[in-house]
Amino acid sequence: MVKAVIFDLDNTLVDFMRMKEESIDAAIESMIDAGLNMSKDEARDKIYAIYKKEGIEYQQVFDAFLEEELGEIDYKIHAAGIVGYRRAREA
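The sequence shown begins at 0 in numbering that gives the first Met the number 0 and counts up one residue at a time.
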């Protein structure tokens with residue numbers, strides 16, 4: 000029986016932005032390891048530009064990033080980014 004439900008709407012229980020930054024950094028490192036030919040800083044700037052345009056919870060950010068930079072989605076790099084992001088988010 001559920002006795003309580005807790006919501007964190009203002010980042011008091013979980014620092015959402017710190018978690019997001021760490022997850023994005025992990026995703027970028029994983030994409031570079033998988034073959035993305037770009038500096039970490041450049042990739043971060045480009046990903047955050049997409050978030051600024053589409054919203055911080057934009058689910059297709061890596062799709063848009065790779066399409067912009069490579070002209071297509073390289074699924075090896077894409078998958079590496081998603082796995083890196085999720086591992087960091089769930090750590």
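Cβ coordinates follow ideal geometry from the N, Cα and C atoms, glycine included.
Practice problem: Output yes or no for whether 8 Å exceeds the beta carbon distance between I23 and Y84. | Solution: Here residue 23 is taken as the residue at index 24 of the sequence shown, counted from 1. Here residue 84 is taken as the residue at index 85 of the sequence shown, counted from 1. Taking 8 Å as the Cβ cut-off, I23 and Y84 qualify as a contacting pair.
Exercise. List the endpoints of the continuous alpha helix (DSSP H) containing S22.
Key: Walking along the sequence shown from the start, residue 22 turns up at place 23. Run containing S22: 15-32, per the alpha helix (DSSP H) assignment.
Quiz item: Which of helix, strand or coil does DSSP assign to L12?
Solution: As a working note, residue 12 is residue 13 in the sequence shown. It is coil, neither helix nor strand.
Exercise. Count the CB pairs spanning the region 28-42 and the region 2-16 that are closer than 8 Å, and state whether there are at least three.
Key: no
Quiz item: Is it true that the CB of R43 sits closer than 8 Å to the CB of I55?
Solution: Taking the first residue of the sequence shown as 1, we reach residue 55 at position 56. Taking the first residue of the sequence shown as 1, we reach residue 43 at position 44. Their beta carbons are not under 8 Å apart, which means I55 does not touch R43 by this criterion.
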